[in-house]
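A quick write-up on the structure given underneath.
This is the structure in structure tokens:
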């Protein structure tokens, strides 16, 4: 097989794996999150690593953060409100939050 064929097969494998894995699909939908957040530094909203530090050891952190993301709000990290995200499923939100809490 030539290089081009191998590259194509690798891309095809990666795409099919991402589609088949709901957790990867959920994390990919975080692209919209990066408009206001980043992993390590504050943008408009807090860095994901800071969110993780605040909530990591709380038993109900996942449920609480899913609700916050879904409903939006302000006052937790400053005066700038976070828009609600009612169209993201609780399952996808839970996967996103799980990932954030691993940081």
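Numbering (my numbering), first residue to last: 17 to 119. For each residue, glycine too, the CB sits at the ideal point set by N, CA and C. All of these numbers come straight from a predicted model, not from anything done at the bench.
Pick out whichever of the options has its Cα sitting closest to the Cα of residue i.
i	options	result
residue 66	60, 55, 76 and 74	55
residue 49	94, 88 and 74	88
residue 103	85, 61 and 57	85
residue 115	68, 95 and 101	68
Helix, strand or coil: which one does DSSP assign to residue i?
i	result
residue 89	strand
residue 105	coil
residue 35	Note on residue 35: pLDDT 48, under 50, position unreliable in the model; no value is reported.
What residues in its chain sit with their C-beta under 8 Å from that of residue i, if we drop five residues either side in the sequence?
i	result
residue 80	71 and 74
residue 96	60, 61 and 90
Leaving out five residues on either side along the sequence, give the residues of the same chain with a beta carbon under 7 Å from the beta carbon of residue i.
i	result
residue 59	52 and 53
residue 82	106, 109, 110 and 113
residue 61	52, 53, 93 and 98
residue 100	86, 87 and 88
Check the C-beta distance from residue i over to residue j and give it rounded, since I have them as a contact under 8 Å.
i	j	result
residue 117	residue 77	6 Å
With a threshold of 6 Å on Cβ separation, who are the neighbours of residue i within its own chain once the five nearest residues in sequence on each side are excluded?
i	result
residue 57	63
residue 119	64, 65 and 68
residue 46	112
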